[in-house]
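Everything below concerns the one structure shown next.
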Ligand code: HAM
């Protein structure tokens with residue numbers, strides 16, 4: 008038995024799995040590019056302090072952290088948001104706004120392992136900096152939706168739940184709660200879907216039981232699932248904040264409807280997001296069947312850059328993981344077989360012919376074709392079998408007889424046709440074949 012297993016929750020990518028992963032990254036990258044986002048990258052290992060208090064208790068408790076040989080407290084990145092804030096904060100004056108950036112990177116969290124959740128995973132992160140209005144949310148939610156659409160997933164497969172921490176704060180303030188109490192209620196709301204009423208235990212421990220009238224209101228508010236219900240719920244509350252916020256809601260939902268994306272988005276005040284830094288609209292993507300954990304999550308975080316010691320800058324973004332996303336593609340039968348086939352397989356008679364074949368093999372490879380050949384002498388039958396298995400369209404036969412005549416036999420493996428081609432014509436014939444000339 009193997010002595011060295013990979014660590015629990017860490018993934019190994021055999022070629023077919025890596026081909027699937029690359030396919031996902033390729034379409035995410037292409038989609039982010041179509042929205043005008045620029046790609047960046049950053050370190051995997053960061054100072055531990057970057058995540059302490061910034062990301063929130065849950066992520067902090069899941070950190071892979073240690074002291075390095077220089078005595079520094081460091082952590083493997085559990086998310087990109089604090090890092091990208093540092094990148095933007097450092098160069099804030101030099102960067103043209105709005106800053107639209109994305110990355111595809113690996114993250115590490117010591118989580119309890121379950122379907123769709125591991126201890127290392129990839130995320131597409133897309134963020135917009137420097138735009139305080141809902142235009143930024145519009146752009147990001149549209150991009151998020153297209154990152155699913157690019158794979159053929161539709162509104163029947165997934166949806167985005169949209170909520171708003173500002174609205175919650177204004178509402179709780181109107182109910183008479185101060186900020187610490189409001190934060191505690193929001194963390195209960197965050198856990199309510201999973202834990203039911205037990206979610207309020209922390210609040211009770213800290214501040215005593217939530218007044219029952221208040222609790223009823225909170226529970227009713229978190230069940231709001233439409234703009235109309237939301238408008239009705241806040242209509243009787245005095246003050247301008249809630250009214251102004253509803254105008255933002257109408258604008259954002261109006262923008263998304265104008266983009267024909269309305270069917271993907273649902274108002275859902277039950278979502279508040281666990282991460283500590285969110286300040287405004289928040290959203291999460293889920294599969295329609297409700298079988299999988301969250302597919303993506305994001306929101307506005309206008310004060311995080313300031314908290315890192317730079318000048319404040321408005322920011323919105325999301326992270327979309329590759330694990331639940333891969334499961335969704337699989338469930339819907341949309342996982343492509345994407346291992347790259349060989350173009351040309353070279354069948355070689357023996358050692359002398361091998362030397363002759365090498366020149367053509369190298370020149371075809373330089374032309375960009377995927378070319379393979381047996382590393383050791385093999386019977387012709389076995390070589391043709393390998394050619395078929397490699398997915399090659401053409402087999403080039405370098406036998407003693409052919410070379411004596413100064414030709415190479417080229418076999419079209421699908422059409423089962425063959426022709427003899429002078430050696431110096433091989434690359435022209437191969438090129439014609441692949442550009443459709445010989446079909
Ligand atoms: P998050 O909700 O922690 O947000 O993660 C976003 C997505 O990453 C999740 O919806 C899920 O797809 C994936 N994910 C998270 N943890 C795991 C895990 N243990 N295993 C597999 N997949 C996982 C953030 O990370 C924010 N930083 C996103 C963001 C970017 N907000 C603004 N900009």
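Residue numbers (our numbering): 8 to 446.
The C-beta atom is built at its ideal place from N, Cα and C for all residues, glycine as well.
In this text the structure is predicted, and so the values were computed from the model without any measurement.
Exercise. For residue 15, does the count of other Cβ atoms within 10 angstroms reach 16, so buried, or fall short, so exposed?
Worked result: exposed
Exercise. Short check: CB of residue 378 to CB of residue 385, under 7 Å?
Worked result: no
Exercise. Taking the C-alpha atoms as reference points, what is the distance between residue 235 and residue 346?
Worked result: 49 Å
Problem set entry | residue 74 classed as buried or exposed, judged by whether at least 16 other C-beta atoms fall within 10 angstroms | Of the other Cβ atoms in all chains shown, fewer than 16 fall within 10 Å of the Cβ of residue 74; this residue is therefore exposed.
Exercise. Near residue 43, what residues of its chain come up, given a Cβ to Cβ distance below 8 Å and the 5 sequence neighbours on each side ignored?
Worked result: 107
For this session: Evaluate residue 173 with the Cβ neighbour count: other Cβ atoms within 10 Å of its Cβ, from every protein chain shown; 16 or more gives buried, anything less gives exposed.
Result: buried
For this session: Less than 8 Å between the CB atoms is what I'm expecting for residue 291 and residue 283, so what's the real figure, rounded?
Result: Contact between residue 291 and residue 283 fails: their C-beta atoms lie close to 16 Å from each other, not under 8 Å.
Exercise. So does the segment 100-120 actually touch the segment 56-64, counting three or more Cβ pairs closer than 8 Å?
Worked result: no
Exercise. Among 366, 145, 376 and 110, which one has its Cα closest to the Cα of residue 258?
Worked result: 145
For this session: Would you tell me roughly how many angstroms separate the C-alpha atoms of residue 87 and residue 132, rounded to the nearest one?
Result: 7 Å
Exercise. For residue 274 versus residue 243, is the C-beta distance shorter than 7 Å?
Worked result: no
Problem set entry | residue 391, DSSP secondary structure in three states | helix
Exercise. Any heavy atom of the ligand HAM closer than 6 Å to the Cβ of residue 100?
Worked result: Checking the Cβ of residue 100 against the ligand HAM gives no.
Exercise. Going by DSSP, which residues form a beta bridge with residue 293?
Worked result: Answer is 166.
Exercise. If you count every other CB in all the chains shown that lies within 10 Å of the CB of residue 64, and 16 or more means buried, which is it?
Worked result: Under this definition residue 64 is an exposed residue.
Problem set entry | Close-in-space but distant-in-sequence residues of the same chain around residue 83 (CB under 7 Å, 5 per side omitted) | 51, 52, 71 and 115
Exercise. Would you say residue 29 faces chain D, with C-beta separation under 7 Å as the test?
Worked result: Among the chains in the structure shown there is no chain D, since it carries only a single protein chain.
Problem set entry | Touching by the beta-carbon criterion (3+ pairs, under 8 Å), the segment 157-166 and the segment 176-185 | no
Problem set entry | Residues sharing a beta bridge with residue 424, DSSP | According to DSSP, residue pairing for residue 424 in a beta bridge involves 419.
For this session: Check residue 134 in the structure and name its three-state DSSP category.
Result: strand
Problem set entry | Where the beta strand (DSSP E) containing residue 307 begins and where it ends | 303-307
Exercise. Is residue 231 helix, strand or coil by DSSP?
Worked result: coil
For this session: Assign residue 209 to one of two classes, buried (16 or more other C-beta atoms within 10 Å of its C-beta) or exposed (fewer than that).
Result: With fewer than 16 other beta carbons inside 10 angstroms of its own, residue 209 counts as exposed.
For this session: Would you mind stating whether residue 307 and residue 288 have Cβ atoms separated by less than 7 Å?
Result: yes
Exercise. Across which residues does DSSP place residue 74 in a beta bridge pair?
Worked result: 80
Exercise. Does the distance from the CB of residue 127 to the CB of residue 17 come in under 7 Å?
Worked result: yes
Exercise. Is the CB-CB distance between residue 367 and residue 435 below 7 Å?
Worked result: No, the pair does not count as a contact, with Cβ atoms beyond the cut-off.
Exercise. What residues in its chain sit with their C-beta under 7 Å from that of residue 285, if we drop five residues either side in the sequence?
Worked result: 172, 306, 307 and 308
Exercise. Hey, would you say the C-beta of residue 132 is under 6 Å away from at least one heavy atom of the ligand HAM?
Worked result: Judged by the Cβ position, residue 132 qualifies as a neighbour of the ligand HAM at the 6 Å threshold, a heavy atom of the ligand being closer than this.
Exercise. In the structure shown, what three-state DSSP assignment does residue 352 receive?
Worked result: strand
Exercise. Looking at C-alpha atoms only, which residue of 425, 419, 398 and 397 is the closest neighbour of residue 409?
Worked result: 425
Exercise. Residue 364: beta carbon under 6 Å from a heavy atom of the ligand HAM?
Worked result: no
For this session: Can you grab the Cα-Cα spacing for the pair residue 361 / residue 404, in whole Å?
Result: 11 Å
Problem set entry | Cβ-heavy atom distance, residue 330 to the ligand HAM, below 6 Å | yes
Exercise. What's the gap between the Cα of residue 401 and the Cα of residue 339?
Worked result: 34 Å
Problem set entry | residue 86 CB to nearest heavy atom of the ligand HAM below 6 Å | yes
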